[in-house]
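Before any comments, here is the structure.
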Amino acid sequence: MGFDASVISGVVGFIEPEFGLSKIQLGWSVASLTLTSTIAMMLAGPLSDRLGRRPVLKIAALLFSVSAVASAV
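Going by my numbering, 56 is the number at position 8 of the sequence shown; the sequence numbering is gapless.
See below:
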């Protein structure tokens, strides 16, 4: 998450005028990264206790790949 936080803080100045975001919308878009990561970690811990780390990591990699392809389209 450290890399993502660094990247988002570096592009905030470009995102705001490009998409015409208000300060509140910009704040929500930046905060959504941390919020989503926090929720995912809270779900992944108990899930990996039940299923094991490898299956959960494989599922996470699959979800990441699908979302990366979907965002490129």
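Heads up, the beta-carbon is just placed ideally off N, CA and C, and yes, glycines get one too.
State the Cα-Cα distance for the pair residue 60 and residue 74, rounded to the nearest angstrom.
Their backbone Cα atoms lie some 8 Å apart in a straight line.
Tell me whether the beta-carbon of residue 104 lies closer than 8 Å to the beta-carbon of residue 96.
Pairing residue 104 with residue 96 gives a Cβ-Cβ distance under 8 Å.
Among the residues of its own chain, which have a CB less than 6 Å from the CB of residue 62, if the five just before and after it don't count?
Short of 6 Å from the beta carbon of residue 62, and not among the five residues preceding or following it, lies no beta carbon of its own chain.
In the DSSP assignment, find the alpha helix (DSSP H) that holds residue 85 and state where it starts and stops.
Residues 71 to 99.
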